[in-house]
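Below is one structure, written out as structure tokens; the observations come after it.
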Amino acid sequence: MIGKKTAAVVVSTGLLLLSACGEQQLPEEVYKQSIEAMEELDSVYFTHSNSLNAEQEGVSNFTRGVVQYSDPLEAYIKTNMNLIDLEEPVELDLRVNGDEIEIREKEEWEEYDTEVSELDSLMRPAEDMNFFLDFEEEFLMKEEDDYYEVSFKGTDERHHTLVEKKLNSLGITESAGGLSQKALDSIQLDRIDMVAYIDKDTDLLLGYDSRFTFTIELAGELREFNEISYVRYEDYNEVDGNLETYMEEKVKEIERQQMEEQQGEEETEAKEETIE
23 MIGKKTAAVV VSTGLLLLSA CGEQQLPEEV YKQSIEAMEE LDSVYFTHSN
73 SLNAEQEGVS NFTRGVVQYS DPLEAYIKTN MNLIDLEEPV ELDLRVNGDE
123 IEIREKEEWE EYDTEVSELD SLMRPAEDMN FFLDFEEEFL MKEEDDYYEV
173 SFKGTDERHH TLVEKKLNSL GITESAGGLS QKALDSIQLD RIDMVAYIDK
223 DTDLLLGYDS RFTFTIELAG ELREFNEISY VRYEDYNEVD GNLETYMEEK
273 VKEIERQQME EQQGEEETEA KEETIE
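Here the numbering used here = 1-based position in the sequence shown + 22.
If you want it as structure tokens, here you go:
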């Protein structure tokens, strides 16, 4: 008969072999499964907080959006944008129906002369996730109770391609032909960070954070860039009806929850003061 110690060694070895054979998922596998899950969504609600600083210029915005991935695709997006040289924020509403985009800054809706594809990074989560796939073998993963945390950190010269992609996505190019070789050679990368929070049970993307910090020479001047983005997703496959109405009700629900939380905190503080 096999002794207890020998049996324990056999079991432990078996577990190690199972792990080595792929029972434990790799970060890039979890990440790609999440891309597939998000591509199969019928609808979603999202928030996107972004700030970009380049030398003395800066812009920050907070965006809410609801998307129905029907045919044609429909979306309603609200953006609050703050610019350093403006006293008041700019509030914009966008609605998308297939290839048509309309914008509203005050009261009236007007046609918006831009391609729907330019909004893909907002409306289609997989677009942002695909951005980093060239370096999937460098992904790391941490397991929490309910979700996986897949991350990437770029600090080396080989990651400069991501800086070029980021500048292109921001519309920052020196000419129609793209960035010059001189500009590309001038890149000084501080770091690129990405973290994706992925639900264990559904593979759905709960949130997505990224940060780009680098310096590049443009038009003869060194420019420092620091962009930070936080994206969160909710209401998977639950968005229906009139999208503007859905958004209004969603905002009211959030405000009600925030008010209840604030009241709860105030009541807790009052009780603690009474005890003291």
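Quick reminder that beta carbons are idealized off the backbone N, C-alpha and C, glycines included. Quick caveat: nothing in here was measured; it's all calculated off a predicted structure.
Cα separation between E130 and E61?
Taking the straight line from one Cα to the other gives about 33 Å.
According to DSSP, simplified to helix, strand and coil, what is K128?
In the three-state scheme derived from DSSP, where H, G and I count as helix and E and B as strand, K128 is classed as coil.
Among N75, K204, N190 and S191, nearest to G242 - alpha-carbon criterion:
For the residues N75, K204, N190 and S191, the minimum Cα distance to G242 belongs to K204.
Continuous beta strand (DSSP E) stretch holding N104: start and end:
Note, N104: beta strand (DSSP E), E96 to L105.
Cα-Cα separation between E239 and T183, rounded to whole angstroms:
The straight-line gap separating the alpha-carbon atoms of E239 and T183 is approximately 15 Å.
Under the rule that 16 or more other beta-carbon atoms within 10 Å means buried, what is E96, buried or exposed?
Sixteen is the threshold: when 16 or more other Cβ atoms of the shown chains lie within 10 Å of the Cβ of E96, as they do, the residue is buried.
Other residues of its chain near D7: CB distance less than 8 Å, five sequence neighbours each side excluded:
No statement about residue 7 is possible, as the shown extent of the chain runs from 23 to 298 and does not include it.
Just to check my reading of the structure: D168 and D221 have Cβ atoms closer than 8 Å, yes? What is that Cβ distance to the nearest angstrom?
The distance from the Cβ of D168 to that of D221 is about 7 Å, consistent with a contact at the 8 Å cut-off.
If you draw a straight line from the C-alpha of E275 to the C-alpha of E287, how long is it?
Straight-line spacing of the CA atoms in E275 and E287 works out to 19 Å.
Should T296 be labelled buried (16 or more other beta-carbon atoms within 10 Å of its own) or exposed?
By the 16-neighbour rule on beta-carbons within 10 angstroms, T296 is exposed.
Looking only at DSSP bridge pairs, what is H70 linked to?
According to DSSP, H70 bridges with T85 and V253.
Report the residue ranges of all beta strand (DSSP E) runs contained in full by the segment 161 to 192; include only those spanning at least 3 residues, in chain order.
Segments of the beta strand (DSSP E) lying fully in the segment 161 to 192: 162 to 165 and 169 to 176.
Do you know how far the Cα of G263 is from the Cα of D212?
It is roughly 45 Å from the alpha-carbon of D212 to the alpha-carbon of G263.
According to the neighbour-count rule (16 or more other Cβ atoms, all chains shown, within 10 Å of its Cβ), is P147 buried or exposed?
P147 should be labelled buried.
Among the candidates S208, D207, Y91 and H181, whose CA atom is the shortest distance from the CA of D215?
Nearest of S208, D207, Y91 and H181 to D215, Cα basis: H181.
Can you list, in chain order, the residues of its chain whose CB lies under 6 Å from that of N102, leaving out five sequence neighbours each side?
The answer, listed in chain order, is F84, P111 and E113.
Please classify L244: is it buried, with 16 or more other beta-carbons within 10 angstroms of its beta-carbon, or exposed?
Exposed, because fewer than 16 other Cβ atoms sit within 10 Å of the Cβ of L244.
Restricting to runs no shorter than 3 residues, where is the beta strand (DSSP E) found entirely within the segment 223 to 278?
Runs of the beta strand (DSSP E) lying entirely within the segment 223 to 278, each at least 3 residues long, are 227 to 240 and 243 to 256 in chain order.
Would you check if the distance between the CB atom of D223 and the CB atom of Y67 is smaller than 8 Å?
By the CB criterion at 8 Å, D223 and Y67 fall outside the cutoff.
When M281, Q284 and D178 are compared against F234, the one with the closest alpha-carbon
Comparing Cα-Cα distances from F234 to each of M281, Q284 and D178, the minimum goes to D178.
DSSP puts S65 in a beta bridge; with which residues?
As DSSP reads the structure, S65 sits in a beta bridge with Q90.
Close beta carbons around S251, own chain, < 6 Å, minus the five adjacent residues each side:
For S251, the CB contacts under 6 Å within the same chain, skipping 5 residues up- and downstream, are N72 and S232 in chain order.
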